[in-house]
Structures are given as C-alpha cells and as structure tokens.
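What follows is a set of notes on a single structure, which appears directly below.
Numbering (the numbering used here), first residue to last: 75 to 394.
What follows is the structure, encoded as structure tokens:
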C-alpha cells in the first residue's frame with residue numbers, strides 16, 4: 075500500500091499495544107517502525123532501476139525479516155531506555171506486529187511481495203485491493219485520531235484504534251470474497267465467448283473495490299474485459315497477442331526477469347529498435363491507443379540494445 079497508509083497502520087498498532095502505557099508516543103513509534111520495510115526505496119541511490127525490480131518488496135518485506143528485524147529493533151529500543159516500564163516480550167510483539175502487518179498488507183495489492191525470501195523469490199499477492207484505497211485507510215485514521223486526540227485521557231482510549239483496525243481488516247477480508255465472486259463472472263464470460271482460458275488474473279482498479287479488470291491468458295494471447303459492481307460486465311473484450319518470441323531477441327536473463335516480474339501476465343511489442351513489455355500484473359491503467367494501435371495499458375518496460383549490451387528502461391503512453 076501507499077506509505078501514508080502503512081504509517082497509519084503502524085501507528086494504530088502502536089496505540090493498541092502500547093497506548094495505555096506510554097501514551098501518544100506509541101503511535102509515533104509505530105508509524106516509524108511500520109514504515110521501515112519501505113525504506114528499501116532509498117536503495118535506488120545505489121542500484122539501477124532494473125536491479126530495483128527485485129530489491130523493492132524483497133528482503134525487507136519477507137516474513138523472516140519481520141522476525142529478525144523485530145529482534146534487533148526491540149533490543150535496541152530496550153537499550154535506549156525508550157520503553158523503561160515495558161517488558162522485552164511486549165516490545166518485541168509491538169515491533170514484530172508493525173513489520174509483519176506492513177508486508178501482509180502489501181500482499182493484498184497487485185504488485186507482489188517476496189514474502190518467502192531467502193527460500194523463494196516468488197512474488198506473492200492476493201490482488202484484491204488497490205495500492206491506494208481510502209476505504210481501508212480512513213477508518214484506521216479516524217480511530218487513531220479519536221484515540222490519541224479526542225479520548226487520550228480516558229481509560230479506554232485505545233478501543234477506537236481497535237475499532238479502526240477491525241473495520242479495515244474486515245474490509246480486506248471482504249475484498250477477497252468479492253474477488254472470488256468477480257472471478258466467477260469473468261470465467262463464465264470468457265467461457266461463453268469461447269476463449270480457452272489457461273490462467274485468469276482479476277485486478278481491482280481504483281478505490282472501494284468497485285471496478286475490476288479480468289485478464290484471460292491463452293496459449294498466445296491475453297483477453298481483457300471490465301467489470302463494475304455498479305454496472306456489471308462490459309460486453310467489449312480486447313485481445314492482445316503475447317508475442318513471446320520477441321523476448322528471444324534480448325538478453326536471456328533480462329527476459330526471464332520480465333517474465334518473473336509479470337507473473338506470466340504480459341504482452342510484448344516491438345517499436346522501432348526497442349522491445350516493449352506491457353506488465354499487467356503491476357500496471358493496470360486500462361487499454362489505450364499508442365498512436366498506431368490499442369495496447370493493454372499505458373505503462374511499459376523496454377529493452378533495447380546499446381553498443382551490443384541490452385539496456386533497461388520504462389515509459390508511459392500519454393493520452394492525446
């Protein structure tokens with residue numbers, strides 16, 4: 075999710091676990107610790123955009139990191155005497171929850187999270203909620219504000235943060251239920267249209283889980299259809315050839331990274347001297363006209379030759 079939401083989630087956990095013991099400082103510590111996994115973006119200063127594909131949401135978002143990171147953080151916090159009256163196990167629980175819920179929340183989004191590093195680099199994701207969704211964030215924020223501002227001097231101050239956590243978590247669970255319902259609608263629709271679906275990707279677009287894309291993968295093409303909770307399935311289905319053979323023209327390792335990053339849902343195009351990869355796992359802005367033809371989404375990665383070496387880049391098609 076976005077960095078603001080992750081900070082609010084960490085703050086809410088801080089309030090629930092430690093708010094009655096150390097007051098509003100618990101929310102501050104929670105916001106900071108809950109944001110730590112996303113500090114991996116600072117590595118852009120040292121690594122190329124291509125290398126960052128595997129670094130972001132990598133080790134810092136793994137389950138193992140949550141346990142080891144909490145171990146070191148709680149030890150450091152105890153040594154600094156920031157939690158003088160709180161036992162080490164409680165501090166550890168607090169730091170672990172802040173880290174673990176960060177990566178778990180990210181796993182609900184479509185980008186993919188390498189939860190099982192270093193044992194597996196599989197990018198795990200439920201693909202059930204948009205990266206930015208106020209329906210999740212605002213209840214958390216409201217409950218937190220009530221706890222640390224309005225009712226900060228009451229004995230049950232933390233219950234409002236708990237309510238926010240319960241509401242937001244319930245919303246996440248409902249997105250999984252909704253996703254299964256949407257998936258069945260797309261399966262039925264593609265089947266009626268005689269599309270031999272091998273794999274199906276369903277992806278929410280925008281806030282509140284209202285609008286979705288269904289992407290059916292066949293042996294050589296991707297088929298895209300839209301669904302809205304308010305308007306139902308749209309009749310129009312767009313098809314795009316995958317052009318897998320184009321990836322044979324570039325560096326094999328980079329080609330495999332493109333496949334891995336897209337989790338199989340991509341199309342490839344050749345434009346002038348570059349190979350464009352439209353990754354529908356991480357970019358679902360919808361079908362757009364590129365000046366010559368329709369393409370599946372606005373954003374793309376590109377691989378091109380420069381002095382005999384394959385280079386990596388990205389681009390965005392702008393509406394005209």
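Ideal placement from N, C-alpha and C gives every residue a C-beta, glycine not left out. Model, not experiment: these values are computed from the prediction.
Roughly how many angstroms separate the alpha carbons of residue i and residue j, rounded to a whole number?
i	j	result
residue 171	residue 87	7 angstroms
residue 114	residue 336	20 angstroms
residue 206	residue 149	33 angstroms
residue 134	residue 112	7 angstroms
residue 173	residue 318	38 angstroms
residue 96	residue 129	35 angstroms
residue 215	residue 239	9 angstroms
residue 220	residue 211	15 angstroms
residue 229	residue 235	13 angstroms
residue 294	residue 223	57 angstroms
residue 299	residue 348	28 angstroms
residue 395	residue 269	Shown here, the chain extends from 75 to 394; a query on residue 395 therefore has no answer.
Could you tell me which of the options sits nearest to residue i, measuring between CA atoms?
i	options	result
residue 292	142, 279, 274	274
residue 110	91, 121, 83, 127	83
residue 218	362, 374, 101, 208	101
residue 191	320, 235, 258, 132	132
residue 393	387, 377, 364, 379	364
residue 339	75, 247, 254, 184	184
residue 125	332, 204, 297	332
residue 266	166, 372, 196, 311	311
residue 246	175, 143, 341, 334	175
residue 167	359, 91, 391	91
residue 107	81, 280, 177	81
residue 259	290, 237, 243	290
residue 76	368, 177, 144	177
residue 255	194, 277, 241	277
In the DSSP assignment, what residue or residues form a beta bridge with residue i?
i	result
residue 23	Any property of residue 23 remains undetermined from this structure, which presents the chain solely from 75 to 394.
residue 298	289, 312
residue 227	Beta-bridge pairing links residue 227 to no other residue.
residue 272	Answer is none; residue 272 lacks a bridge partner.
residue 353	340
residue 376	350, 387
residue 306	302
residue 345	348
residue 363	368
residue 187	198
Between which two residues does the alpha helix (DSSP H) containing residue i stretch?
i	result
residue 165	162-181
residue 215	208-219
residue 388	Residue 388 -> not in any alpha helix (DSSP H); beta strand (DSSP E) instead, spanning 383-390.
residue 84	77-96
residue 129	123-129
residue 234	233-266
residue 106	99-109
residue 140	137-153
Give a yes or no on contact between the stretch 279-287 and the stretch 301-311, applying the rule of three or more CB pairs nearer than 8 angstroms. yes
Does the stretch 371-387 come close enough to the stretch 322-337 to have 3 or more Cβ pairs within less than 8 angstroms? yes
Mind the definition here: the stretch 173-188 touches the stretch 351-366 only if three or more C-beta pairs lie below 8 angstroms; say whether that holds. yes
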